[in-house]
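Numbering (mature numbering (1 follows the signal peptide of the UniProt record, and there is no 0)), first residue to last: -23 to -1, 1 to 233.
Here the structure comes first, spelled out in structure tokens, and everything after it is commentary.
Printed below as a string of structure tokens:
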């Protein structure tokens, strides 16, 4: 019995070591000592609070995200492993950021200029690489490219929407810039054409086309499609995300 128990514990220890060896490339492991020291060095930190030895689809998506944004110098991608046994490492750090053990994993954005506040990853949003990218893009000033997107055209899409809120002629000028940019590909297949097509439809149908097209594409994703068609729809959704609605605002006039 003793030998059997010893054998079991040895296998368990080896399993833990092997499992912990599946490192999250591009991630930095933080604890209660290093946490504040390191997040203060970056404009934004994306941190995943998780079990001590994380695994599964969510961890793989987070790891894939970390590798994709390895060259984004202003973003720290971090892991905090919380133990519910022994000395319960990092449990106090989890409490500080309102992380409950039953809710693990929890992903948050913490900004250097206000580390006592944070932005939670939506609980109802599936944890995928591109969803994490969108989450970071929408809540920071960092450029995080989504699959199928091109940075030059993402910037043109943002400018197009800003121009459209002011004057349609200005938006048409941005469309012309996009068409000139696309010519640099010399006829090679590229997603710049999709940006241009969306700009043209917005000019024809109005800004509401963005949301209606997004809903249409999501509806198609629920159908039985070939892998290539699924990928194309994924790219289209990602490109649509670059066309953010811009509402013009008027300043209130103060009474004299």
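Glycine residues also receive a C-beta, built at the ideal position from the N, C-alpha and C atoms.
These numbers come from a predicted model, not from an experiment.
Item	Value
Are the CB atoms of residue 51 and residue 20 within a distance shorter than 8 Å?	yes
Runs of 4 residues minimum, wholly inside the region 45 to 116: which ones carry the alpha helix (DSSP H) assignment?	68 to 73, 106 to 116
Does DSSP put residue 216 in a helix, a strand or coil?	helix
According to the neighbour-count rule (16 or more other Cβ atoms, all chains shown, within 10 Å of its Cβ), is residue -3 buried or exposed?	Note that residue -3 scores 43 on pLDDT, short of 50, meaning its location in the model is unreliable and no value can be drawn from it.
Restricting to Cα atoms, I'd like to know which of 220, 194, 55, 219 is closest to residue 209.	194
Bridge partners of residue 185, per DSSP?	In the DSSP output, where bridge partners are listed per residue, residue 185 has none listed.
Could you tell me whether the Cβ atoms of residue 9 and residue 70 are closer together than 8 Å?	yes
How big is the Cα-Cα spacing for residue 121 and residue 63?	39 Å
Could you have a look at residue 2 and say whether DSSP puts it in helix, strand or coil?	coil
Counting C-beta neighbours from all protein chains within 10 Å, is the total for residue 141 16 or more, i.e. buried, or is it exposed?	buried
Just to confirm before moving on: does the CB-CB distance between residue 158 and residue 130 stay below 8 Å?	yes
With C-beta atoms as the reference, is residue 144 less than 8 Å away from residue 81?	no
For the region 174 to 184 against the region 81 to 91, are there 3 or more C-beta pairs whose distance is under 8 Å?	no
Kindly list the residues whose CB is nearer than 8 Å to the CB of residue 197, restricted to its own chain and excluding five residues on each side of it in sequence; keep chain order.	210
Any idea what DSSP makes of residue 27, helix, strand or coil?	strand
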